[in-house]
Amino acid sequence: MAGTYAIVESGGKQYKVSPGQTIEVDRLPVAEGDTVELSRVLLVADGDDAIIGTPTVDGARVTATCLGEKKGNKIIVFKYKAKTRYRRKKGHRQLYTVLHIDSIITLEERRRQRKRH
424 MAGTYAIVES GGKQYKVSPG QTIEVDRLPV AEGDTVELSR VLLVADGDDA IIGTPTVDGA
484 RVTATCLGEK KGNKIIVFKY KAKTRYRRKK GHRQLYTVLH IDSIITLEER RRQRKRH
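Okay, so the sequence shown: first residue is 424 according to our numbering, each after it adds one.
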């Protein structure tokens with residue numbers, strides 16, 4: 424299915440994904456090698472055909488495999504107040520889960536798969 428993509432929501436952020444793609448999302452409580460199902464699918468498109476959810480597409484699922492965890496770049500938080508000797512320096516590194524998108528399944532595809540079996 425060339426040109427198939429979906430827009431999914433994870434951790435309050437939206438990601439445009441297609442099968443075979445690798446994405447980094449905010450840390451999810453899954454182990455490496457586990458299959459993750461992203462059910463908050465906001466849009467599914469195949470070429471010129473698009474299904475837009477209100478707010479999500481009914482029955483659509485995106486399956487992904489967890490490839491592991493990763494730390495993001497370090498962000499420095501520095502607080503400073505003049506003339507009072509008040510200085511605070513703190514660092515933060517966000518944890519991300521790396522996902523490999525396996526497939527995008529719509530409600531029609533699920534029905535077709537059930538009829539075959």
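Note that CB positions come from ideal geometry on N, CA and C, so glycine has one too. Note that the structure is predicted; figures quoted are calculated from it, not measured.
Cβ neighbours of residue i in the same chain (closer than 7 angstroms, five flanking residues each side left out)
i: Asp481; result: Leu530
Opposing strand residues paired with residue i [DSSP bridges]
i: Thr520; result: Val448, Glu492
i: Glu460; result: Thr486
Exposure of residue i, with buried meaning 16 or more beta-carbon neighbours within 10 Å
i: Ile430; result: buried
i: Thr520; result: buried
i: Arg484; result: buried
i: Ser433; result: buried
i: Ile524; result: buried
i: Ala505; result: exposed
i: Tyr438; result: buried
i: Met424; result: Confidence is the limiting factor: at Met424 the pLDDT is only 45, short of 50, which leaves the residue's position unreliable, though a coordinate-based value still follows. Exposed is the call here.
Close-in-space but distant-in-sequence residues of the same chain around residue i (CB under 6 angstroms, 5 per side omitted)
i: Thr514; result: Reading the sequence as shown, one finds Gly at residue 514 and not Thr. Counting only Cβ-Cβ distances below 6 angstroms, and skipping sequence neighbours, we find Lys497, Ile499.
i: Ile528; result: Arg484
i: Tyr455; result: Per the sequence presented here, residue 455 reads as Glu, with Tyr not at that position. Excluding residues within five positions, the ones whose Cβ falls inside 6 angstroms are Cys489, Gly491.
Own chain, CB closer than 8 angstroms to residue i, minus 5 neighbours either side, in chain order
i: Lys494; result: Arg516, Gln517, Leu518, Tyr519
Three-way DSSP call (helix, strand, coil) for residue i in this model
i: Lys436; result: strand
i: Arg577; result: Because the chain spans 424 through 540 in this model, residue 577 falls outside it and cannot be assessed.
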